[in-house]
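Please read the structure below before turning to the comments.
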Amino acid sequence: MRVLHISSYFAPAFVYGGPPRSILGLCQGLMSAGVDVEVLTTTANGDRELPQHTERPACYDGVAVRYFPLGFPRRFFGVQGLERALQQELDSADLVHVHGIWNMPAWIAMRSCHKAGVPYVVSPRGMLERGSMGHHRYRKMLGYHLLEKRGLRRAVFLHATSTAEQAALSALSLEPPIVMLPNGVAPPEAATNPELRSRHGIPAGHPLVVYLGRLHPTKRLDLLVAAFAEARRGCPELELVIAGRADGVEPSQIGGDGIHLLGQISDKDKWALLEETDVLVMCSDSESFSLSVVEALARGVPVVVTKTCPWEAVERHRLGFWVEQNVSEIATAIVEVLNDHAEAEEMGARGRELVARDYRWSSIGTAMAGRYEQALSGRS
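For our numbering, count along the sequence shown from 1 and bump the result up by 3.
Below you can see the structure in the form of structure tokens.
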């Protein structure tokens, strides 16, 4: 089975957060299940574009990728040459998997597949959830009805990465079935980096509260900073580390005692930071999945996640705390994790077990390949 994956960005464009990692992991999982995979994407990489590879695929971590240059309109990841290349590739493709909406590569892919009679799958990647749709709400509702709805209805199935995203898609009453398969994680071998703290001015031995992700209004870093300040009153040595690129919230808007802004960090530094982390916090207005939570659990780090994020499993499996989205509950949960070292160790152990069981890319890739086969057999 040959499957083309279309995305507005792809590894190593990790400035865009979790999606490039998740799409890479899914492609690798599919390949381990015997699927022939090729990615068509753009050179988008924040302020620094990736090298072009338009005729012959490059190879990133074992995955064949063609990177097409950005064009107009850049705001929607306008792209040059992808449509022609895709139309040529559709003759040999069994199925196309489209990642994300609100972008030119997705629109091109859905239109081209419809014209060629090639089935396609869409992973909205959280872009149709309440929190995301609430950002520029009226503009997005207009765009949804004019541009997105028809393409989504023509898909053979829609892929959700959480039960919350599945519910959001169901509420739209679209025709395709909805398949829920989570994102996965492939953590490297544990490795510390002793100079990470000194490089960023983080005192040695002080407990760390960590946030990994974009600095965006929907991530509610205002709540995190306020909750951290409240928790720090009882633990003056507590430090807050925020690692991620500015995306609507400037670093200058975030400040306070004990707060360290690292900006975008490498994968190596991210995993080294998680080795030092005492508790990871996520309090976004909405998340379709939140890869950083799984990465923390994979490293045995307890998590505090608000109920605006799809992580009821944190409460069910006692991996940390799943709390209301307010300063008081977030702060209280942080303090509880820090004050009970034995229970924090147990939370971490349970997190590692959960990730090993449910969030490995090999098993997720096999499951997705099975869903592809079902969709194709249903059309024959």
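Think of the CB as a built atom: it goes at the ideal place given N, C-alpha and C, for glycine as much as any other residue.
#1: What separation, rounded to the nearest whole angstrom, lies between the Cα atoms of S331 and E86?
#2: At least one CB of chain C closer than 8 Å to the CB of A229: is that the case?
#3: Nearest CA to the CA of L277: which residue from V297, D288, S287, L29?
#4: State yes or no: is the C-beta of V99 within less than 8 Å of the C-beta of L7?
#5: Just how far apart, CA to CA, sit Y19 and E58?
#6: Which one or two residues does DSSP pair with N48 in a beta bridge?
#7: Tell me where the alpha helix (DSSP H) around G28 begins and ends.
#8: Could you check how far apart the C-beta atoms of V159 and P122 are, in whole angstroms? I think they sit under 8 Å.
#9: Just list the alpha helix (DSSP H) runs in the stretch 114 to 167, keeping only unbroken ones of 4 residues or longer that don't cross its boundaries, in chain order.
#10: Contact between the stretch 337 to 347 and the stretch 359 to 367: three or more CB pairs below 8 Å?
#11: On the CB-based measure, 16 or more other CB atoms within 10 Å of its CB, does S173 come out buried or exposed?
#12: Do you know offhand how far L184's Cα is from S165's?
#13: Between M107, D225, A193, which has its C-alpha nearest E279's C-alpha?
#14: So, does the stretch 233 to 249 touch the stretch 257 to 267, judging by three or more C-beta pairs under 8 Å?
#15: If you count every other CB in all the chains shown that lies within 10 Å of the CB of A385, and 16 or more means buried, which is it?
#16: Throw me the rounded Cβ distance for the I333 and A232 pair, which I believe falls under 8 Å.
#17: In terms of residues, what are the limits of the beta strand (DSSP E) holding E58?
#18: What's the call for P127, buried or exposed, on a 16-neighbour Cβ count within 10 Å?
#19: Indicate the three-state DSSP secondary structure (helix, strand or coil) for V330 in the structure shown.
Taking the structure as given:
#1: Start at 1 with the first residue of the sequence shown, and residue 331 comes out as number 328. Start at 1 with the first residue of the sequence shown, and residue 86 comes out as number 83. Rounded to whole angstroms, S331 to E86 spans 51 Å at the Cα level.
#2: Note that chain C does not occur in the displayed structure, where there is just one protein chain.
#3: On the sequence shown, residue 277 is found 274 positions in, with the first residue counted as 1. It is V297.
#4: Reading the sequence shown from its first residue, position 96 is the one you call residue 99. Reading the sequence shown from its first residue, position 4 is the one you call residue 7. In this structure, L7 lies closer than 8 Å to V99 by Cβ.
#5: Walking along the sequence shown from the start, residue 19 turns up at place 16. Walking along the sequence shown from the start, residue 58 turns up at place 55. The alpha-carbon atoms of Y19 and E58 are separated by roughly 25 Å.
#6: Counting from 1 along the sequence shown, the entry for residue 48 is found at position 45. Answer by DSSP bridge pairing, in chain order: D50.
#7: Residue numbering aside, residue 28 sits at position 25 when the sequence shown is read from its first letter. 21 to 35 is the span of the alpha helix (DSSP H), which, as asked, contains G28.
#8: Here residue 159 is taken as the residue at index 156 of the sequence shown, counted from 1. Here residue 122 is taken as the residue at index 119 of the sequence shown, counted from 1. That belief holds up - the Cβ atoms of V159 and P122 are roughly 4 Å apart, short of 8 Å.
#9: 133 to 137, 140 to 146, 152 to 156
#10: no
#11: Against the sequence shown, residue 173 aligns to sequence position 170. Its Cβ having fewer than 16 others within 10 Å, S173 is exposed.
#12: Against the sequence shown, residue 184 aligns to sequence position 181. Against the sequence shown, residue 165 aligns to sequence position 162. Distance between the alpha carbons of L184 and S165 is about 7 Å.
#13: Looking up residue 279 in the sequence shown gives position 276. Out of M107, D225, A193, A193 has the C-alpha closest to the C-alpha of E279.
#14: yes
#15: What is shown of the chain runs 4 to 383, which leaves residue 385 out entirely.
#16: Locating residue 333 in the sequence shown gives position 330, counting from the first residue. Locating residue 232 in the sequence shown gives position 229, counting from the first residue. That pair is no contact at about 11 Å.
#17: For this step, residue 58 is matched to residue 55 along the sequence shown. Per DSSP, E58 belongs to the beta strand (DSSP E) from 56 to 63.
#18: Translated into positions along the sequence shown, residue 127 becomes position 124. With 16 or more Cβ atoms within 10 Å of its Cβ, P127 is classed as buried.
#19: Reading the sequence shown from its first residue, position 327 is the one you call residue 330. If DSSP states are grouped into helix, strand and coil, V330 belongs with the helices.
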